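Chemist:
Numbering (our numbering), first residue to last: 174 to 370.
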């Protein structure tokens, strides 16, 4: 106990609880709950993980340069949730630190906190354009590539910090506010705790 590279036949999994932040004029913040199952651990200190996770993110209400109008002055806040599956390699050194490069793919769903009809300025065509947010969802596929540092605090608890970049496909029809006013592909930063079982 106390080393990062502890392996038990019956306990080959860990759970990470992380907060997420993505800076910029259109800031995004949220969190990720991730399960990591140890597939293999070599004598050289290299681990292989099967990763599964769920995440939630909330976008800034109004990106810079966007104007909302309408009888109800609706300013919808965009939210997203994702279900993820991936693979990671853990490079263990100094007995207490693990560098984990990883890749994940998943399904992403978008929704807003406000429902109703609104209008938004169409910069390309230069006119006010109506948007109907009533009972609509939009979705896309998303991929992540990044790395995390896992640092022992006191086994079985570790501090985990990291960063990744996500790539999203074009969302399905429904939300013009997604495709035109929010930057989906971006650099994300994470910090949280990892618990071993």
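Where a beta carbon is used, it is the ideal one built from N, C-alpha and C, also for glycine. Predicted, not measured: the structure shown is a model, and the values here were computed from it.
Along the chain, where does the beta strand (DSSP E) that runs through residue 254 open and close?
Modeler: First-last of the beta strand (DSSP E) with residue 254: 251 to 266.
Chemist: Give me the residue from 286, 366, 190 and 342 with the minimum Cα distance to residue 205.
Modeler: Closest option to residue 205, Cα to Cα, is 190.
Chemist: Distance, Cα to Cα, residue 356 vs residue 203?
Modeler: Cα-Cα distance, rounded: 16 angstroms.
Chemist: Taking just the CA atoms, how far does residue 333 sit from residue 362?
Modeler: The alpha-carbon atoms of residue 362 and residue 333 are separated by roughly 11 angstroms.
Chemist: To the nearest angstrom, how far is the alpha carbon of residue 197 from that of residue 229?
Modeler: Their backbone Cα atoms lie some 18 angstroms apart in a straight line.
Chemist: Take residue 281 as the anchor and find which of 193, 312 and 212 has the nearest alpha-carbon.
Modeler: For the residues 193, 312 and 212, the minimum Cα distance to residue 281 belongs to 312.
Chemist: Under the assumption that residue 324 contacts residue 270 (Cβ atoms under 8 angstroms), give the Cβ distance between them as a whole number of angstroms.
Modeler: About 5 angstroms; that satisfies the 8 angstroms criterion.
Chemist: Using a threshold of 8 angstroms, state whether the C-beta atoms of residue 222 and residue 201 are closer than that.
Modeler: For residue 222 and residue 201, no; Cβs fall outside 8 angstroms.
Chemist: With a CB to CB cut of under 6 angstroms and the five nearest residues on each side skipped, what residues in its chain are close to residue 244?
Modeler: Here the model assigns residue 244 a pLDDT of 48, short of 50, so the residue's position is not dependable, and the following value carries that caveat. Here the set comprises nothing.
Chemist: Please name the residue in 264, 195 and 185 whose C-alpha comes closest to that of residue 217.
Modeler: When each option's Cα is compared against that of residue 217, the closest is 264.
Chemist: Between residue 184 and the rest of its own chain, which residues show a CB-CB distance below 6 angstroms, the 5 nearest in sequence each way excluded?
Modeler: Cβ neighbours of residue 184 beyond the five flanking positions: 370.
Chemist: If you measure between the beta carbons of residue 335 and residue 277, is that distance less than 8 angstroms?
Modeler: No, Cβ-Cβ distance for residue 335 and residue 277 is not below 8 angstroms.
Chemist: Whose CA, out of 367, 272, 368 and 297, lies closest to the CA of residue 354?
Modeler: When only C-alpha atoms are compared, the closest one is 297.
Chemist: Report all residues from its chain with a CB closer than 8 angstroms to the CB of residue 320; omit the five preceding and five following residues, and keep chain order.
Modeler: Cβ within range, chain order: 272, 273, 274, 275, 335, 336 and 337.
Chemist: For residue 339, which of 359, 328 and 330 has the nearest alpha-carbon?
Modeler: Of 359, 328 and 330, the residue nearest in Cα terms is 359.
Chemist: If we require 3 or more residues per run, which beta strand (DSSP E) segments fall completely within the segment 192 to 229?
Modeler: Segments of the beta strand (DSSP E) lying fully in the segment 192 to 229: 201 to 214.
Chemist: Tell me whether residue 310 is buried or exposed, calling it buried when 16 or more other Cβ atoms sit within 10 Å of its Cβ.
Modeler: Exposed, because fewer than 16 other Cβ atoms sit within 10 Å of the Cβ of residue 310.
Chemist: What number of angstroms, rounded off, separates the C-alpha of residue 330 from the C-alpha of residue 368?
Modeler: If you take the alpha carbons of residue 330 and residue 368, they lie about 5 angstroms apart.
Chemist: Identify which residue in 341, 345 and 328 has its Cα closest to the Cα of residue 268.
Modeler: Nearest option by C-alpha distance: 328.
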